[in-house]
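From first to last, the protein sequence lines stand for chains U and L.
Heads up: the first sequence is residues 1 to 322, going by my numbering.
Heads up: the second sequence is residues 323 to 574, going by my numbering.
Virtual Cβ for every residue (Gly too), placed ideally from N, Cα, C.
Have a look at the structure below before the remarks.
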Amino acid sequence: MAEKSSRQRPRIALAVLAVAAIVAMAAFMTVGAKGNWDFVLPFRGGKLLGLLLVAYAVATATVLFQTITRNRILTPAVMGFDSLYVALQTALVFFLGTRDLANVDMRLRFVLETLLMVTMSMALFYWLFLSRQRSLHLVVLAGVVFGVFFRSLSHMMQRILDPNEFIALQDMLFASFNTVDQQLLAVSSAIVLVTAYASRRLLAKLDVLALGRDVAINLGIDYQRVVMLLFAMIAILVSVSTALVGPVTFFGLLVANLAYQAVGTDRHKYTLPAATLFAIVALVGGQTVLERVFGFDTALSIIIEFTGGIAFMLLLYRNLKR
Amino acid sequence: MIEIRNLTKTYDDAAVVNDVSLSLAESGITAIVGPNGAGKSTLLSMIARLIAPTSGQVLVDGLDVQQTQGAVLAKRLAILKQNNQVGMRLTVSELVAFGRFPHSGGRPTVEDERHIDEAISYLGLDDLRTRFLDELSGGQRQRAFVAMVLAQDTKYVLLDEPLNSLDMKHAAAMMKLLRRTADDLKKSITVVIHDINFASIYADQVVAMRDGRVVLQGESAELMQEAVLQDIYDTVVQVREVEGHRLGLHYL
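Put into structure tokens, the structure is as follows:
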């Protein structure tokens, strides 16, 4: 009986979340729409697709990252993943200049930047996690220091930059949930679909991976290869979300932990979709409320980061008490 | 057969395992004994490819463990380390089900379910099936992990100090169970063990290590000599015969 009810719970949680996500999406598309539907639907549809991609990317990247590190407080952002992306963008403008960059197709540039990001972060994480066994605390510290390093590097280059170039760069970096980069939607969707397919195929292995390195190897997982593959996927997903809306720090942490709580199991079959659905509800629902109720008075990212930051502190506090 | 050839592991020039060559039998129980820091656990981890050796080679039925695909080896060889901590909240039957992963790839068949049920009742865990691991005592949890390894159904089973955190009753029961498993299922079980008396009574073969080297390989009677034990452990051990078993007394 107990076994049965615990088997039902994740499904019920997923169903409730799915309904909430659909309601949020429907509200986003229709509430307060005045005038021509031929304009409203494609306009809002593009925005919605962007938000969905970001929701998936942030949620999935965080859950995968927490599975590899076996830690519920770490996120790719805490480890300086997206400051790496910002540093890359800045370096590109700094060394190539906006004029040369403008001549390159934006989508091509995005793909190249993503590739660069994947290579660099994999090198970084190979060194941190796989080259030898290190304590998690050291890894976290190193990650935080790297984050600061990349951020300072970006700031330094931005100071030296020509003011015109700087404005162009700022435009690239300060994307927000209101102004999802429309040009990148198609290529981002394609990238996300590929990673979604890959992560579906890895579902069973992810559960084994969460048992720890030694048990995973014993059960026949090619640990090194699978972990590197996952790091590559995380790097790609962070690139997608950072390119579309800019860096978000605590959002992933918030939705991942809400998901673990809601489904009451650690099976990735349930946690991955639950985290994505939570992210959709928060982003799409939040954006709807923001646009229709508050009339764009404040930025969604501020609210989400505020809530996420509080959740982060609560988690830290609970772990300390244990 | 598991063949170990000139296996060495060094950390910063200090050899933890030093040029070890051994062969482990196709069936029966092999006990690896020796003082703390002799390299027993490191040796076991290298056999099971958890640690890469500095030099040397391990062959499991002729397959080099460093070269062979992990999934292939997982059907032949299982290891259980000490201090197992899983990051997930799992019930006993969920944990044991993971032992079938090399065979099922995450989609258990009827055959897999049968192995899971057998392993659970083999270790007397039927009543605890739906309990979460963090609600169990240390000994019960240890048995759940052994059940997982048995469900993996491999010819070779390596156990790193399986008697850790077991009381007298459960330690003896665990050794009897391993004996029964080795006899009934014709498995080759290798255990790292601290209590030489368990090795003396239950093992077919003993390997004694000291300072990273194998100092003795043979039957337990060869180990259970006062001079030999004193040499290995660097302490006085008296050996007495009780009901046909040689027992070492190191309490005095």
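Burial state of residue i, where buried means 16 or more other Cβ atoms lie within 10 Å
i: residue 167/U; result: exposed
i: residue 416/L; result: buried
i: residue 323/L; result: exposed
i: residue 389/L; result: exposed
i: residue 515/L; result: buried
i: residue 464/L; result: buried
i: residue 236/U; result: buried
i: residue 223/U; result: buried
Residue i versus residue j: straight-line alpha-carbon distance, rounded
i: residue 490/L; j: residue 367/L; result: 27 Å
i: residue 197/U; j: residue 275/U; result: 17 Å
i: residue 436/L; j: residue 193/U; result: 38 Å
i: residue 37/U; j: residue 101/U; result: 36 Å
i: residue 563/L; j: residue 548/L; result: 12 Å
i: residue 45/U; j: residue 22/U; result: 14 Å
i: residue 103/U; j: residue 96/U; result: 11 Å
i: residue 2/U; j: residue 452/L; result: Only weak support exists for where residue 2/U lies, its pLDDT of 46 falling under 50; the coordinates are left without a value.
i: residue 59/U; j: residue 16/U; result: 18 Å
i: residue 154/U; j: residue 81/U; result: 14 Å
i: residue 122/U; j: residue 406/L; result: 28 Å
i: residue 114/U; j: residue 26/U; result: 32 Å
i: residue 188/U; j: residue 277/U; result: 19 Å
i: residue 270/U; j: residue 307/U; result: 23 Å
i: residue 556/L; j: residue 505/L; result: 34 Å
i: residue 18/U; j: residue 265/U; result: 18 Å
i: residue 573/L; j: residue 351/L; result: 26 Å
i: residue 156/U; j: residue 338/L; result: 48 Å
i: residue 202/U; j: residue 431/L; result: 19 Å
Anticipated Cβ contact below 8 Å, residue i with residue j, distance rounded
i: residue 110/U; j: residue 184/U; result: 6 Å
i: residue 507/L; j: residue 496/L; result: With 8 Å as the limit, residue 507/L and residue 496/L do not qualify as a contact, their Cβ atoms being about 16 Å apart.
i: residue 90/U; j: residue 158/U; result: 6 Å
i: residue 522/L; j: residue 347/L; result: With a Cβ gap of about 18 Å, residue 522/L and residue 347/L do not count as contacting.
i: residue 284/L; j: residue 414/L; result: A query on residue 284/L cannot be resolved here, the shown segment of chain L reaching from 323 to 574 and no further.
i: residue 418/L; j: residue 442/L; result: 6 Å
i: residue 326/L; j: residue 342/L; result: 6 Å
i: residue 473/L; j: residue 535/L; result: Not really, about 35 Å apart at Cβ, beyond 8 Å.
i: residue 531/L; j: residue 427/L; result: About 37 Å separates the two Cβ atoms, so there is no contact after all.
Simplified DSSP assignment, three categories, for residue i
i: residue 341/L; result: strand
i: residue 331/L; result: strand
i: residue 446/L; result: coil
i: residue 492/L; result: helix
i: residue 527/L; result: strand
i: residue 565/L; result: coil
i: residue 482/L; result: strand
i: residue 30/U; result: helix
i: residue 557/L; result: coil
i: residue 147/U; result: helix
i: residue 346/L; result: strand
i: residue 413/L; result: strand
i: residue 267/U; result: coil
i: residue 74/U; result: coil
i: residue 1/U; result: Summary for residue 1/U: the model assigns pLDDT 38, below 50, so the residue's position carries little reliability; its value from the coordinates is reported in the next sentence. Of the three classes helix, strand and coil, the one that applies to residue 1/U here is coil, per DSSP.
i: residue 532/L; result: strand
i: residue 309/U; result: helix
i: residue 141/U; result: helix
Unbroken alpha helix (DSSP H) run spanning residue i, endpoints
i: residue 165/U; result: 163-173
i: residue 455/L; result: Per DSSP, residue 455/L belongs to no alpha helix (DSSP H) and is neither H nor E.
i: residue 377/L; result: Here residue 377/L belongs to no alpha helix (DSSP H); instead the beta strand (DSSP E) covers 377-382.
i: residue 392/L; result: 392-395
i: residue 94/U; result: 81-103
i: residue 367/L; result: 362-369
i: residue 407/L; result: Taken as a continuous stretch (DSSP letters only), residue 407/L belongs to no alpha helix (DSSP H), as it is neither H nor E.
i: residue 63/U; result: 37-69
i: residue 294/U; result: Note, residue 294/U: premise wrong, no alpha helix (DSSP H); not H, not E.
i: residue 231/U; result: 223-245
Bounding residues of the beta strand (DSSP E) (the contiguous stretch that carries residue i)
i: residue 510/L; result: 510-514
i: residue 352/L; result: 350-355
i: residue 401/L; result: 399-402
i: residue 539/L; result: 535-540
Residue i beta carbon near the ligand MG (any heavy atom closer than 6 Å)
i: residue 326/L; result: Looking at this structure, you won't find the ligand MG or any other ligand, since it has none at all.
7 Å Cβ cutoff, residue i in contact with chain A
i: residue 204/U; result: Of the chains in the structure shown, none is chain A; the protein chains are U and L.
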